[in-house]
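Chemist: Residue numbers (the UniProt record's numbering): 1 to 345.
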Ligand SMILES: NC(=O)c1ccc[n+]([C@@H]2O[C@H](COP(=O)([O-])OP(=O)(O)OC[C@H]3O[C@@H](n4cnc5c(N)ncnc54)[C@H](O)[C@@H]3O)[C@@H](O)[C@H]2O)c1
Ligand SMILES: [Zn+2]
Ligand SMILES: [Zn+2]
């Protein structure tokens, strides 16, 4: 089969590799029918995720049709159309059993495109298939469902639920990439009174408006003053960090009111200053985390019921064998305006 292979920092190739087969009895092999690329795949290509070894097939987001299953797999069968989750939890360890599969201690966690071959290929071996795939109802398209592999559960769990959005509250989302936009969309499920989106890129701020931000602001403007003005001088109840650099984390920590929360979603590659000298007296809560994907079944029901919109994330469509072009388009998002690029066959 063809697959997008990581060949070391800044080197990738769409090349022939052996077809995956069932190895463990809990595996499934899925024929990929839709895939999308994540900012994290670009981090890997930049060499920021050293545990990814050269030769690894990239990708952790996909939808497909089950080709074969191991003897222990009971909830899906060949021919089923399934969502492949970015997290493959064993389902049995203490973390998985309490909804924290991102921290799986039974050999699972973030495996695909990281520690095992991923989804940017014609076929993918999915470990712990009973626990890490979801059968798709007919009314949900491949292109919509693939937004549930990673971005929607990540934004919802690590941003909105960790951040405890409540009706009427003031929420600031810093970073309006796919994750920030998904945070805006899923924060609205709790009817906040105000959503402010902050980004450096104009097209991203326009997208934030479409996804439901009330106010958008360029990061070069005086964001602190604007948020103070909009909240009667108090600051935000919640600031969601969806970038992953020190400036944006520190901005979030400044923007919250006494008793407020910072929910960090961004993947940080270096240390960040925590201004505890200012925060200690303000009853601040800071949360961080890797997505667990415990919310995926609920988000899938919302999508099937038409209560969640996923089509708006996809800005570019490619055939699966145009993978190299899709990577190029996604990597140059500042010029191309790409949010999510969707590959189908
Ligand atoms: N915690 C998790 O489980 C998890 C899962 C997936 C992704 N992530 C991380 O979430 C973050 C966002 O992901 P994404 O796919 O939306 O990334 P992205 O790169 O597409 O979006 C980031 C956005 O931040 C904006 N930005 C950059 N610098 C800024 C600044 N100084 N001020 C304001 N905005 C700025 C960019 O213009 C861009 O629109 C990344 O760090 C990603 O690695 C975390
Ligand atoms: Zn991802
Ligand atoms: Zn586990």
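In this text, a Cβ means the ideal position worked out from N, Cα and C, and glycines have one as well.
Whose C-alpha, out of 124, 65, 148, 196, is nearest the C-alpha of residue 294?
Modeler: Translated into the one-based positions of the chain shown, residue 294 becomes position 294. Checking every option, the nearest Cα to that of residue 294 belongs to 148.
Chemist: Check whether the region 109-123 and the region 279-286 are in contact - that is, three or more C-beta pairs closer than 8 angstroms.
Modeler: No: the two stretches stay apart, fewer than three of their Cβ pairs being nearer than 8 angstroms.
Chemist: Looking at residue 234: is its Cβ nearer than 7 angstroms to the Cβ of residue 257?
Modeler: Working through the chain shown from its first residue, we reach residue 234 at position 234. Working through the chain shown from its first residue, we reach residue 257 at position 257. In this structure, residue 257 lies closer than 7 angstroms to residue 234 by Cβ.
Chemist: Are three or more beta carbon pairs between the region 195-212 and the region 174-182 nearer than 8 angstroms?
Modeler: In short, these stretches touch, since the Cβ pair count reaches three.
Chemist: Which one or two residues does DSSP pair with residue 241 in a beta bridge?
Modeler: The residue you call residue 241 lines up with position 241 of the chain shown. Residue 241 is bridged to 174, 264.
Chemist: So is residue 23 buried or exposed if we call it buried at 16+ other beta carbons inside 10 Å?
Modeler: Residue 23 sits at position 23 when you count from the first residue of the chain shown. Classification for residue 23: exposed.
Chemist: Within the structure, which residues are defined as neighbours of ligand 2 by a Cβ-heavy atom distance below 5 angstroms, reported in chain order?
Modeler: Listed by chain position, these are 38, 40, 150.
Chemist: With a threshold of 6 angstroms (Cβ to nearest heavy atom), would residue 159 be considered close to ligand 3?
Modeler: By 1-based counting over the chain shown, the position of residue 159 is 159. No - ligand 3 has no heavy atom lying nearer than 6 angstroms to the Cβ of residue 159.
Chemist: Which residues does DSSP pair with residue 110 in a beta bridge?
Modeler: Counting from one through the chain shown, the residue named residue 110 turns up at place 110. Answer is none; residue 110 lacks a bridge partner.
Chemist: Around the Cβ of residue 142, are there at least 16 other Cβ atoms within 10 angstroms (buried) or fewer (exposed)?
Modeler: Counted from its first residue, the chain shown places residue 142 at position 142. Residue 142 should be labelled buried.
Chemist: Using the beta-carbon of each residue, find all residues closer than 5 angstroms to any heavy atom of ligand 3 and list them in chain order.
Modeler: Taken from the N-terminal end onward, the list reads 89, 90, 93, 96, 104, 106, 108.
Chemist: Ignoring anything shorter than 3 residues, give me the beta strand (DSSP E) runs that lie fully in the region 1-82, in order along the chain.
Modeler: 2-6, 12-16, 28-36, 62-69, all fully within the region 1-82.
Chemist: Please confirm whether residue 239 and residue 226 have their CB atoms less than 7 angstroms apart.
Modeler: Along the chain shown, one-based indexing puts residue 239 at 239. Along the chain shown, one-based indexing puts residue 226 at 226. No, the Cβ-Cβ distance between residue 239 and residue 226 is not below 7 angstroms.
Chemist: Can the beta-carbon of residue 126 be found less than 7 angstroms from the beta-carbon of residue 28?
Modeler: Here the question's residue 126 lines up with position 126 in the chain shown. Here the question's residue 28 lines up with position 28 in the chain shown. Yes, these two residues count as a Cβ contact at 7 angstroms.
Chemist: Pull the bridge partners of residue 195 from the DSSP assignment, please.
Modeler: Numbered from 1 along the chain shown, position 195 holds the residue referred to as residue 195. DSSP lists 171 as partners of residue 195.
Chemist: What is the rounded straight-line gap between the Cα of residue 267 and the Cα of residue 26?
Modeler: Counting from one through the chain shown, the residue named residue 267 turns up at place 267. Counting from one through the chain shown, the residue named residue 26 turns up at place 26. In a straight line, the C-alpha of residue 267 is about 30 angstroms away from that of residue 26.
Chemist: Does at least one heavy atom of ligand 1 sit under 6 angstroms from the Cβ of residue 204?
Modeler: The residue given as residue 204 occupies position 204 in the chain shown. Flag set: Cβ of residue 204 near ligand 1.
Chemist: List the residues that DSSP assigns as beta-bridge partners of residue 318.
Modeler: As a position in the chain shown, residue 318 is number 318, starting the count at 1. The partner list for residue 318 (beta bridge, DSSP) reads 343.
Chemist: Take residue 184 as the anchor and find which of 20, 19, 212 has the nearest alpha-carbon.
Modeler: Residue mapping note: residue 184 aligns to position 184 of the chain shown, counting from 1. Looking at the Cα atoms, 212 is the closest of the given residues.
Chemist: Could you compute how far the alpha carbon of residue 223 sits from the alpha carbon of residue 144?
Modeler: Taking the first residue of the chain shown as position 1, residue 223 is located at position 223. Taking the first residue of the chain shown as position 1, residue 144 is located at position 144. The alpha-carbon atoms of residue 223 and residue 144 are separated by roughly 33 angstroms.
Chemist: According to DSSP, is residue 258 part of a helix, a strand, or is it coil?
Modeler: Locating residue 258 in the chain shown gives position 258, counting from the first residue. Correct three-state label for residue 258: strand.
Chemist: Could you check whether the region 63-81 touches the region 29-36, counting it as contact only if at least three pairs of C-beta atoms, one from each stretch, sit closer than 8 angstroms?
Modeler: With a cut-off of 8 angstroms, the region 29-36 and the region 63-81 count as touching, because enough Cβ pairs lie within range.
Chemist: Verify the contact flag: residue 199, CB atom, against every heavy atom of ligand 1, threshold strictly below 6 angstroms.
Modeler: Locating residue 199 in the chain shown gives position 199, where the first residue counts as 1. Yes, the Cβ of residue 199 comes within 6 angstroms of a heavy atom of ligand 1.
Chemist: Give the DSSP-derived three-state secondary structure of residue 287 in the structure shown.
Modeler: By one-based count along the chain shown, residue 287 stands at place 287. In this structure, residue 287 counts as strand in the three-state DSSP scheme.
Chemist: When DSSP labels each residue in this structure, what does residue 149 get in the three-state scheme?
Modeler: In the chain shown, the residue the question calls residue 149 occupies position 149. In this structure, residue 149 counts as coil in the three-state DSSP scheme.
Chemist: Nearest by alpha-carbon distance to residue 164: which of 54, 236, 10, 59 is it?
Modeler: Taking the first residue of the chain shown as position 1, residue 164 is located at position 164. Selected option, being the one with the closest Cα: 236.
Chemist: For residue 276, verify whether its CB is less than 6 angstroms away from any heavy atom of ligand 4.
Modeler: Absent from the structure shown: ligand 4. Ligands present: ligand 1, ligand 2 and ligand 3.
Chemist: With a cut-off of 8 angstroms on the beta carbons, I'd call residue 269 and residue 41 a contact; round off their distance for me.
Modeler: In the chain shown, the residue the question calls residue 269 occupies position 269. In the chain shown, the residue the question calls residue 41 occupies position 41. Their Cβ separation, rounded to whole angstroms, is 15 angstroms, which puts residue 269 and residue 41 out of contact at 8 angstroms.
Chemist: Which residues bound the beta strand (DSSP E) around residue 272?
Modeler: Position 272 of the chain shown, counting from 1, holds the residue named residue 272. No beta strand (DSSP E) contains residue 272, which DSSP labels as neither H nor E.
Chemist: Which partner residues does residue 120 have in the DSSP bridge list?
Modeler: What you label residue 120 is simply residue 120 of the chain shown in a count that begins at 1. Note: residue 120 sits in no beta bridge, so no partner.
Chemist: Can you tell which of 109, 85, 251, 86 has its C-alpha closest to the C-alpha of residue 96?
Modeler: Stepping through the chain shown from its first residue, residue 96 is reached at position 96. Taking only the C-alpha atoms, the option nearest residue 96 is 109.
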